[in-house]
Amino acid sequence: MRINPQLLEKIKESLSSVLPITAIVLALSITIVPLTPGALVLFLFGSLMLIVGVGVFTLGVDMSMTPMGSGIGIYMSRARHMAIPLAVAFVLGVLITVAEPDLTVLAGQVPAIPNQVLIFTVAAGVGLFLVVALLRILLKIPLSRLLVGFYLVVFTLALFAPKGFIPVSFDSGGVTTGPITVPFIMALGVGMASVRSDKNSTSDSFGLVALCSIGPILSVLLLGICFSPDSASYTPAALPDIATTQDAAREFAAAAPVYAREVAGAMVPICAMFLLFQLITRRFKRTQLLRIISGLVYTYAGLVMFLTGVNVGFMPAGQLIGATIATGESPFLLIPIGMLMGYFIVAAEPAVHVLIKQVEEVSMGSISQSAMRRGLSIGVAVSIGIAMLRVLTGISILWFLIPGYAISLALTFFVPQLFTGVAFDAGGVASGPMTATFLLPFAMGACEAVGGNLMTDAFGLVALVAMTPLVTIQVLGLAGRVRRKLASDALRAELMRVKDCVLYYD
34 MRINPQLLEK IKESLSSVLP ITAIVLALSI TIVPLTPGAL VLFLFGSLML
84 IVGVGVFTLG VDMSMTPMGS GIGIYMSRAR HMAIPLAVAF VLGVLITVAE
134 PDLTVLAGQV PAIPNQVLIF TVAAGVGLFL VVALLRILLK IPLSRLLVGF
184 YLVVFTLALF APKGFIPVSF DSGGVTTGPI TVPFIMALGV GMASVRSDKN
234 STSDSFGLVA LCSIGPILSV LLLGICFSPD SASYTPAALP DIATTQDAAR
284 EFAAAAPVYA REVAGAMVPI CAMFLLFQLI TRRFKRTQLL RIISGLVYTY
334 AGLVMFLTGV NVGFMPAGQL IGATIATGES PFLLIPIGML MGYFIVAAEP
384 AVHVLIKQVE EVSMGSISQS AMRRGLSIGV AVSIGIAMLR VLTGISILWF
434 LIPGYAISLA LTFFVPQLFT GVAFDAGGVA SGPMTATFLL PFAMGACEAV
484 GGNLMTDAFG LVALVAMTPL VTIQVLGLAG RVRRKLASDA LRAELMRVKD
534 CVLYYD
């Protein structure tokens with residue numbers, strides 16, 4: 034049986050992404066953080082599923098989500114009356130958010146608010162901001178103006194929200210832009226901007242994920258203010274009792290159908306909308322449709338494998354490692370170890386592979402995949418270091434979010450628009466399932482071990498992961514602009530020198 038060469042290439046890329054974090058955990062398990070055999074076996078099984086799952090998923094996205102989103106975006110931008118396309122965008126935003134698996138997990142961690150109330154309010158926020166994002170592209174509104182305005186509203190509301198809901202509200206902005214919604218929304222933006230021929234069309238194709246991440250933050254802050262809950266609790270996942278490799282296999286076999294249903298629920302609304310779109314417009318030919326259907330199968334299979342691997346294999350290991358380091362002789366080792374894991378773990382996020390590839394294509398190579406990876410890795414490493422400092426000291430998250438967003442929003446006025454859109458999209462993409470199922474349990478295990486408040490001290494990690502790439506990617510753009518200016522000045526000076534020499538000899 035001959036393996037698809039494209040699939041083989043994707044799995045090789047995935048292997049290079051997952052291998053570093055696997056090596057770090059193995060090194061920790063034989064040095065300062067001895068893991069139980071059961072936890073280690075689960076982690077290794079999970080790593081294998083991750084490698085195959087991410088490879089299959091990214092191939093599926095290339096074949097299905099990207100052409101689907103781009104095609105719908107092009108059609109919507111050419112519509113004579115925008116009311117119907119915008120209404121479709123709102124419904125699509127609501128449907129895919131309601132079905133996002135990470136949002137269900139978040140709702141279960143906020144017991145003071147009924148699950149369905151929270152889920153549908155957050156979904157309405159995403160749908161509304163997807164409409165705002167599409168209007169921005171059509172009306173050519175600079176992204177920086179909208180970001181500054183909306184984040185001023187966010188931080189104003191944060192002053193009135195219950196303290197325990199501020200970290201959860203910012204985390205919600207990360208969990209609702211998951212591995213299914215991000216590729217589709219990004220492709221939708223590229224499709225809508227592609228029909229324009231002005232100089233800002235490329236930069237305007239980014240920013241949809243950034244704006245859609247704001248809606249959930251506002252929604253949860255408003256709910257916290259309206260419900261005025263007295264408390265919110267979180268129950269960590271119990272470590273399964275694993276004695277043999279067969280026990281580990283049973284854990285994965287039992288969990289796989291659960292995530293299969295969750296992923297199916299997340300993909301059905303997108304598939305239904307695409308089917309309706311195809312029946313109305315007949316945009317895609319038979320060959321294209323067959324490729325998209327095949328891609329959807331790959332996407333589904335890859336994401337089921339990925340979610341099963343990280344939830345069953347990575348979550349217990351993260352929780353155990355965090356708790357063991359925190360109760361050891363040097364709890365401050367949480368900071369450098371967390372930063373090291375954060376630097377490498379972002380490369381294993383499925384949507385990150387989609388983002389950096391699309392950025393390189395749309396920017397025609399001016400933003401390389403290696404530069405994007407490096408910028409994201411540095412940003413996530415810094416954010417995990419801050420998160421571990423908060424776990425150990427209990428410092429309010431606002432001491433980091435306010436200056437962090439102030440710097441990132443100020444940079445939007447000095448860097449090329451393309452880098453602003455990419456940076457704010459990267460924030461939502463970096464805070465994906467790997468962060469929620471390994472780094473967040475790592476922080477929770479440590480927080481519980483030192484007797485901290487989980488809701489105020491451990492939650493907020495996803496928010497910090499979503500914030501720091503905003504600064505690092507824009508600094509990357511600013512550095513590029515400075516280099517180009519220095520090169521231009523040097524060239525101009527050299528031309529003047531040559532001109533002076535010619536005049537002198539004449």
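Read in order, the letters of the sequence shown correspond to residues 34 to 539 in the working numbering.
Don't be surprised by glycine CBs; every beta carbon is placed ideally from N, CA and C.
Taking a C-beta distance under 8 Å as the contact criterion, G375 and I417 qualify as a contact pair. Rounded to whole angstroms, the gap between the alpha carbons of A482 and L425 is 10 Å. In the assembly as shown, Q507 is a buried residue. Its beta-carbon has 16 or more other beta-carbons within 10 Å. Under the 8 Å Cβ criterion, the stretch 287–305 does not count as touching the stretch 108–120, having fewer than three qualifying pairs. With contact defined as three or more Cβ pairs closer than 8 Å, the stretch 271–281 and the stretch 175–186 are not in contact. Where E46 is concerned, the enclosing alpha helix (DSSP H) starts and stops at 38–62.
Close CB contacts of T189 within its chain, under the 7 Å cut and outside five residues either way in sequence, are absent. Restricted to the stretch 452–494, the alpha helix (DSSP H) segments that are unbroken, complete and at least 4 residues in length are 473–482, listed in chain order. Separation of S50 and R423 (C-alpha to C-alpha, rounded to the nearest whole angstrom) is 28 Å. Around T489, the same chain offers K196, G197, P200 as residues with beta carbons nearer than 7 Å, after the five sequence neighbours per side are excluded. When DSSP states are grouped into helix, strand and coil, P67 belongs to the coil group. Taking the C-beta atoms as reference points, L434 is found nearer than 8 Å to M500. Distances from the alpha-carbon of V415 to those of V495, T360, M467 put V495 closest. Counting along the chain, N148 sits inside the alpha helix (DSSP H) bounded by residues 148–172. Looking only at L59, G79, V58, the smallest Cα-Cα distance to M338 is reached by G79.
With distances taken between CA atoms, L409 lies nearest to F377 out of F377, G427, G437, S177. The stretch 448–458 and the stretch 355–372 do not touch, with fewer than 3 CB-CB distances between them shorter than 8 Å. In the three-state reduction of the DSSP assignment, M405 falls in the helix class.
By the neighbour-count definition (other C-beta atoms within 10 Å, threshold 16), I411 is a buried residue. The stretch 178–223 contains, as complete alpha helix (DSSP H) runs of 4+ residues, the segments 198–208 (chain order).
A residue is called buried when at least 16 other Cβ atoms come within 10 angstroms of its Cβ; E527 does not meet this threshold and is exposed. Short of 8 Å from the beta carbon of F217, and not among the five residues preceding or following it, lie these beta carbons of its own chain, in chain order: M98, M101, G102, I129, I303.
In this structure V89 is in contact with A334, their Cβ atoms being roughly 6 Å apart against a cut-off of 8 Å. The residues G160, L163, P302, I303, M306, in chain order, have a CB closer than 8 Å to that of L125 in the same chain once the five nearest residues on each side in sequence are set aside. Taking 8 Å as the cut-off, the beta carbon of L353 is found no closer than this to the beta carbon of P466. Taking every protein chain shown into account, the CB of P436 has fewer than 16 other CB atoms within 10 angstroms, so this residue is exposed. One thing to note: T154 has its Cβ within 8 Å of the Cβ of S252.
With 16 or more other CB atoms across the displayed protein chains lying within 10 angstroms of its CB, D95 is buried. In the same chain as R517, and ignoring 5 residues on each side of it, no C-beta atom comes closer than 6 Å to its own.
In summary, M529 is exposed, with fewer than 16 beta-carbon neighbours lying within 10 Å of its beta-carbon over all protein chains present.
T210 is positioned such that its CB atom lies closer than 8 Å to that of V242. Taking G206 as reference, the option from L171, T357, A156, L192 with the minimal CA-CA separation is A156. The Cβ atoms of L179 and L244 sit closer than 8 Å to each other. Per DSSP, the unbroken alpha helix (DSSP H) holding P349 starts and ends at 348–359.
Rounded to the nearest whole angstrom, the C-alpha separation of L336 and S47 is 13 Å.
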